[in-house]
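From first to last, the protein sequence lines are chains S and Y. Numbering-wise (the numbering used here), the first sequence opens with residue 4 and increments by one. Numbering-wise (the numbering used here), the second sequence opens with residue 4 and increments by one. We put the CB at the ideal spot given by N, CA and C, even for glycine. Keep in mind the model is a prediction, meaning the values are calculated, not measured. Worksheet: the structure to be examined is printed underneath.
There are 2 protein chains.
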Amino acid sequence: MQVLDDAGRRLLFTEARTHKHFTPAPVADSVLRELYDLMKFPPTSANCSPARLIFLRSNEAKERLRPALSSGNLEKTMSAPVTAIIASDLAFYEQLPKLFPQADARAWFTGNDAMIQTTSFRNSSLQGAYFLLAARAVGLDTGPMSGFDNAKVDAAFFPHGKVKSNFLCNLGYGSGEKLYPRNPRLSFEEVCTIL
Amino acid sequence: MQVLDDAGRRLLFTEARTHKHFTPAPVADSVLRELYDLMKFPPTSANCSPARLIFLRSNEAKERLRPALSSGNLEKTMSAPVTAIIASDLAFYEQLPKLFPQADARAWFTGNDAMIQTTSFRNSSLQGAYFLLAARAVGLDTGPMSGFDNAKVDAAFFPHGKVKSNFLCNLGYGSGEKLYPRNPRLSFEEVCTIL
């Protein structure tokens, strides 16, 4: 049986922190590709893979995001080397004949808006978490946030209306400045029951 | 800069598979605690940590789950060493004075049902993904599924109505039997844009 070694546990789980301040070092295209080539593999329901990503790196792209940011997230986001929009394609099920050839999975969704919405939000959130841990795996630090105006982001970046923003994440190489002390976590007994 | 080594990438991302069939080896309490002690660390919004877990291991507990399972998920779930219910506590914000002492974050949620629902679903899904990768990190194989009757699970396991099931996940040590060939993933160009 294989398990993750201590260095891997520290990097992805136990010692990684959310960062607000990054060094000026740029994030290369090759690193963003390496990140995607990890995050694409863990499971989604019927391999539906609804997540769509926009990496905002240019000043022009960041300025399009600015009006959607909450005041508390503004400065750290405008100064981050990259800000990713983690979004979800509500037309994800059109890809199912390719992504899940075992069954006619597209038919499970066609015309079922409630199931489309629930599956899109759950699975793009799962993929958002895979994104965060994959970013750490390739040496990036992350600063995810949901404090922004989703409708403004969607109007600015997804005007066709089929793709909806889920959350944002700053990316770069953390400077380690002004990290909060780590907040407490709930105990096993508070969260888990074995029956 | 630290990155995850190749063995860690294979274990968590590139070579891990969803399993339907497990060996009879039991899953020890200590392994479930080790899993939780990894999954609790990656980020949630304002550290809100809404996920709640029930690990169903006894025959009696599995029988309580049976009526909620879809036919395609029945046999593999009843025979798995453990089935976890990944759920979310809609009263998560009552814990925020402890979990996020930096601000009066409880007040952001009190009386705001839409924000409670969205935050609960997004963040319990993120934590569900952390659960899946943490399970792999401690040597378990996973079989997640959303094909079940959430209302029946909630009535059977969360009768007080404050906790809602999100998805289920079988756990154990995969036998490797009857694995599907891995389905294709979308390419970087299909999913990602750099602006």
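- Separation of the CB atoms of T80 of chain S and N173 of chain S is rounded to 6 Å, and the pair is thereby assigned contact status at 8 Å.
- Chain S places no beta carbon closer than 8 Å to that of L182 of chain Y, leaving this residue out of the contacts.
- Only P104, Q105 from the region 104-117 of chain Y bring a Cβ to less than 8 Å from some Cβ of chain S.
- Annotated three-state conformation of G146 of chain S is strand, per DSSP.
- At a cut-off of 8 Å between C-beta atoms, G131 of chain Y counts as an interface residue with respect to chain S.
- Interface flag for Y39 of chain S against chain Y is set, since a Cβ pair is found closer than 8 Å.
- Its Cα nearest to that of P184 of chain Y, the residue Y:A19 stands out among Y:A19, Y:R13, Y:L14, Y:R12.
- Going by DSSP, K167 of chain S is part of the beta strand (DSSP E) stretching over 166-175.
- Counting along the chain, S82 of chain S sits inside the alpha helix (DSSP H) bounded by residues 74-82.
- When Cβ pairs closer than 8 Å are counted between the two stretches, the region 136-154 of chain S is seen not to touch the region 46-61 of chain S, the count staying below three.
- About 5 Å separates the beta carbons of A71 of chain Y and D152 of chain Y, which is inside the 8 Å limit, making them a contact pair.
- Residue contact check for N50 of chain Y against chain S: a CB pair falls below 8 Å.
- Interface residue (Cβ-Cβ distance to chain Y less than 8 Å): Y96 of chain S is not classified as such.
- Counting every other CB atom within 10 Å of its CB across the protein chains shown gives T86 of chain Y a total of 16 or more, marking it as buried.
- One alpha carbon belongs to S168 of chain Y, the other to M42 of chain Y, and they sit about 18 Å apart.
- In the structure shown, S178 of chain S falls within a coil segment according to DSSP collapsed to helix, strand and coil.
- Around the beta carbon of P45 of chain S, a 10 Å sphere encloses 16 or more other beta carbons of the protein chains shown; the residue is thus reported as buried.
- At a Cβ-Cβ threshold of 8 Å, L102 of chain Y and P187 of chain S count as neighbours.
- Among the bridge pairs identified by DSSP, C195 of chain Y is matched with S:L56.
- Within chain Y, the C-beta atoms nearer than 7 Å to that of V194 of chain S come from Y39, A54, R55, L56, in chain order.
- For A117 of chain S, the uninterrupted alpha helix (DSSP H) segment begins and ends at 116-140.
- Per DSSP, reduced to three states, the secondary structure at V34 of chain Y is helical.
- Between the C-alpha atoms of A158 of chain S and A94 of chain S there is a straight-line separation of about 17 Å.
- F134 of chain Y places its beta carbon less than 8 Å from that of I89 of chain Y.
- Leaving aside the five residues that flank H22 of chain S on each side, the residues in its chain whose CB is nearer than 6 Å to its CB run, in chain order, D144, G146, G177.
- Here the C-alpha atom of L35 of chain S lies approximately 45 Å from the C-alpha atom of E66 of chain Y.
- Shown here, S190 of chain Y sits in coil according to DSSP, grouped into three states, outside any helix or strand.
- Taking the Cα of K165 of chain S as reference, the smallest distance to any Cα among S:N62, S:M118, S:H24, S:D92 is reached at S:D92.
- Comparing alpha carbon positions, the residue from Y:M148, Y:V194, Y:L189 closest to S74 of chain Y is Y:M148.
- Beta-bridge annotation (DSSP): V85 of chain S is paired with S:L174.
- Residue environment: A83 of chain Y is assigned as buried (16 or more neighbouring CB atoms within 10 Å of its CB, all protein chains considered).
- Listed along chain S are R125, each with a C-beta nearer than 9 Å to that of N169 of chain Y.
- Chain Y places no beta carbon closer than 8 Å to that of Q120 of chain S, leaving this residue out of the contacts.
- Contacts with chain Y at 8 Å (Cβ-Cβ) include D32 of chain S.
- Between G177 of chain Y and chain S, the shortest Cβ-Cβ separation is not below 8 Å.
- For F25 of chain S, the three-state secondary structure derived from DSSP is strand.
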